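Take a look at the structure set out below.
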Amino acid sequence: MAQGDLSGRYYLSYEHIHLSVRTLANRIRENGFHPDLIVAIGSGGFIPARILKTFLEIPIFTVGISYYGPDNKPGPAPRMIQWIDEVEKKLAGRRILLVDEVDDSRVTLEYCLRELLQHAPAEIAVAVLHNKKKEKKGTLPPEVRRYFAGEELDDKWICYPWDAQDITAHEKIARSGIVAH
32 MAQGDLSGRY YLSYEHIHLS VRTLANRIRE NGFHPDLIVA IGSGGFIPAR
82 ILKTFLEIPI FTVGISYYGP DNKPGPAPRM IQWIDEVEKK LAGRRILLVD
132 EVDDSRVTLE YCLRELLQHA PAEIAVAVLH NKKKEKKGTL PPEVRRYFAG
182 EELDDKWICY PWDAQDITAH EKIARSGIVA H
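Using our numbering, you'd call the opening residue of the sequence shown number 32 and step up by one each time.
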């Protein structure tokens with residue numbers, strides 16, 4: 032369970048993240064999904080995708096999608112910042128694992144999945160480090176039959192260590208043992 036709660040926020044340590052990703056990798060394997068490659072949604076999905084690479088031993092491609100603004104408020108629609116144009120031809124007929132850190136509104140996942148499905152993958156699955164237990168604005172396309180979440184969390188802001196400006200303070204809060212309710 033996520034630890035460290037100040038003002039209704041989850042604070043997660045790097046160790047907690049690593050253990051959650053290991054659990055996620057085990058769920059993917061146990062479900063019989065054997066992806067050929069990972070597509071990481073940046074910037075939040077970069078670190079979980081890199082840790083997944085350690086466990087799954089497959090290559091990573093990255094995309095940059097922006098939905099939240101500097102004030103952490105969602106914009107009108109996701110927008111593409113960086114895409115994998117030069118490797119799109121490598122997606123056809125492949126089993127793709129799309130990775131992001133959190134499934135909050137599901138809008139970014141839906142947008143990215145629809146883009147990837149245009150390149151005729153053999154199969155595409157989603158893996159998120161955290162799924163927020165709430166109603167989603169976006170939907171998973173019917174072609175996506177596998178969805179993996181490392182943890183299910185209540186709808187509170189998640190403070191990831193890679194976003195911290197003061198990692199010492201962040202880790203102290205994350206390791207405090209305070210469990211968010």
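No residue lacks a Cβ here, since even glycine has one placed at the ideal position from N, Cα and C. It should be emphasised that the depicted structure is a prediction, and the values quoted were computed from it without experimental measurement.
The shortest C-alpha to C-alpha distance from ILE59 to any of CYS143, LEU50, ALA156, ASP131 is the one to ALA156. Cβ neighbours of ALA56 within its own chain (closer than 7 Å, five residues either side excluded): LEU83, PHE86, LEU87. As for any alpha helix (DSSP H) of minimum length 4 sitting wholly inside the segment 124 to 179, the runs are 138 to 148, ordered along the chain.
Taking 8 Å as the upper bound for CB-CB distance, ALA205 and HIS47 are in contact here, some 7 Å apart.
In the three-state reduction of the DSSP assignment, LEU43 falls in the coil class.
SER207 counts as exposed, since fewer than 16 other beta carbons sit within 10 angstroms of its beta carbon.
DSSP, reduced to helix, strand and coil, places PHE77 within a helical segment of the structure shown.
Between ILE198 and HIS161, the C-beta gap is not smaller than 8 Å, which leaves the two residues out of contact.
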